[in-house]
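Read in order, the letters of the sequence shown correspond to residues -21 to -1, 1 to 429 in mature numbering (1 follows the signal peptide of the UniProt record, and there is no 0). Don't be surprised by glycine CBs; every beta carbon is placed ideally from N, CA and C. Since we're looking at a predicted model, the values are computed, not measured.
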Amino acid sequence: MNLFPVIIVAIICNFIHSSNCGTISSELLSKLRNGQKADAILELPSVFGKVMSNPSLTFLSGADKANMMETLMKQSTSASQAPFMAAINRLGISDSATPFWISNDISLTNINLGAIQSLGALPGVFNLREQFVAKLDPVVRGNRVSRATFNETIQKYPHWGVDKIQAPAAWSRTKGENVLVAIIDTGVYMEHEALRDGYAGKWLDATFDASTSPIDPNSHGTHALGTILGRTNNIGVAPRAKWIACRGMNQYGGGLESWIKTCAQWVYQQRPGLVSNSWATATGGTSTSFDDIIKSWRAVGIIPVFASGNSGDNCGSAEYPGNHPDVISVGSTRKDDGMSGFSSRGPSPKGLVKPQIAAPGSFIVSAGNKDPKEYKNMSGTSMACPHAAGVVALLLSANPSWKYDDVLQALTRTAERPPITKECGNSNTTSYPNNAYGYGRINAKRAIGL
């Protein structure tokens, strides 16, 4: 390992105090100086604008556009990352590094202070920080639904959430046929009776487990997917849609940024109609780490649906990426159409209404992960997001040419508008749209035009 070129550049950069030497976050340095190692991200300037302005894309659409965009992103990020990857190789830490073309950054796993300082001294505009950890906000986990209760209620009638949004009425037109749904979560228990027949055969485990077939040791992802498209016992909103999944979170509900971004790149390449995301970052509401990914998904026709978060009813509590301008953000409601107390509110950091819509999220029964016939109830915006994702699947099935704006307009203009007793924090605003329900609680029947 020859460190001489890295050391020389570091000396020069430090001597001239150049503004092009990049930055290292104080939090990352503090952790490393305590003798710990860390999982870091080297962020480089966005190439998205450059890619989208390339004349090669002008007359392309569909798969051709997506493939050309991927080629251009790979070319641009490879050139941008080359000096850093060369330094990483010289430092002997290439096995710990993963470059991303969808977001122009490099993840570094289990890295030490010396390596970070060497990279931080290189010329260029960049930022070195700790990886965010995607999290599943605390949800209320109920017990397994007893077989007697299940047989008496769920099998006879649609679950209350599916029924509340009038999904069964929309099924006379479509049940989600010909729509591919992606989910990034804790995985999927594929053997569940509600999910096994909807599997489209594509799976990636981005965690350390690297399972080659779908698993879910947590149950969160299985439950969420069951609400989107479960085929048994009326638990799914779009029961004839197909699914693919990427596991970006471990059995404890935490996901390294590198895992989530690996999933995001994979989802881009699969080109589903939509991707459901019942998670948030732990970095708060003002992050930008997922911005280019969201833009890239949108550019190739993938509709991103996110939970708004479970941080409660304070103003501005909507979590990232759910508070991003270019995603459909979903808040949670109760059976009586009141807002769930845990559901995060807007506005977004840019002053936009967030969430845009609300959906059932309290005491939702869906698929469990213990056996093929297990059902359990859970609460959270993690449960509301899949209801909305299911309606998006219905809309895309009924209107194959629709894009993000068409879907969002259909959801928002047909939403139910329950009485508001508390809009955001201590505000008593009762107008729509607002930062609790957004434009209202979704109605599948009305959205689909019935």
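I want to see whether chain D comes within less than 8 angstroms of residue i, judged by CB atoms only; does it?
i, result
"residue 351", "Going by chain labels, chain D is absent from the structure shown, which holds only one protein chain."
Per DSSP, what kind of secondary structure is residue i in: helix, strand or coil?
i, result
"residue 104", "coil"
"residue 340", "coil"
"residue 352", "coil"
"residue 80", "coil"
"residue 271", "helix"
"residue 147", "helix"
"residue 427", "coil"
"residue 242", "helix"
"residue 415", "coil"
"residue 219", "coil"
"residue 405", "Low confidence applies here, because residue 405 scores a pLDDT of 46, under 50, leaving its location unreliable; read the following figure in that light. Of the three classes helix, strand and coil, the one that applies to residue 405 here is coil, per DSSP."
"residue 228", "coil"
"residue 345", "strand"
"residue 375", "helix"
"residue 462", "There is no way to answer for residue 462, as the model of the chain reaches only from -21 to 429."
"residue 420", "strand"
"residue 115", "coil"
"residue 394", "coil"
"residue 369", "helix"
"residue 381", "coil"
Would you call residue i buried or exposed, if buried means 16 or more other Cβ atoms sit within 10 Å of its Cβ?
i, result
"residue 251", "buried"
"residue 58", "exposed"
"residue 335", "buried"
"residue 365", "buried"
"residue 267", "exposed"
"residue 39", "exposed"
"residue 109", "buried"
"residue 398", "exposed"
"residue 236", "buried"
"residue 186", "buried"
"residue 32", "exposed"
"residue 311", "buried"
"residue 154", "buried"
"residue 416", "buried"
"residue 314", "exposed"
Roughly how far, in whole angstroms, is the beta-carbon of residue i from the beta-carbon of residue j, given that I think they are within contact range, below 8 angstroms?
i, j, result
"residue 369", "residue 208", "6 angstroms"
"residue 424", "residue 233", "Not really, about 38 angstroms apart at Cβ, beyond 8 angstroms."
"residue 60", "residue 36", "The Cβ separation is near 22 angstroms, so there is no contact."
"residue 287", "residue 309", "6 angstroms"
"residue 143", "residue 339", "5 angstroms"
List the DSSP bridge partners of residue i.
i, result
"residue 2", "106"
"residue 282", "253"
"residue 12", "Bridge partners of residue 12: none, in fact."
"residue 266", "According to DSSP, which records beta bridges pairwise, residue 266 is partnered with nothing at all."
"residue 259", "114"
"residue 235", "112"
"residue 19", "87, 109"
| request: Within the stretch 292 to 337, note down every full beta strand (DSSP E) run reaching 3 residues or more, in order along the chain. | output: Complete beta strand (DSSP E) runs here, min 3: 307 to 312.
| field | Complete alpha helix (DSSP H) runs within the stretch 21 to 98 (minimum length 4 residues, chain order) | value | Counting whole runs of 4 or more residues, the stretch 21 to 98 contains the alpha helix (DSSP H) stretches 27 to 31, 41 to 70.
| request: Run through the stretch 138 to 210 for me and flag every whole alpha helix (DSSP H) of 4 or more residues, listed as ranges in chain order. | output: 139 to 143, 146 to 149, 199 to 208
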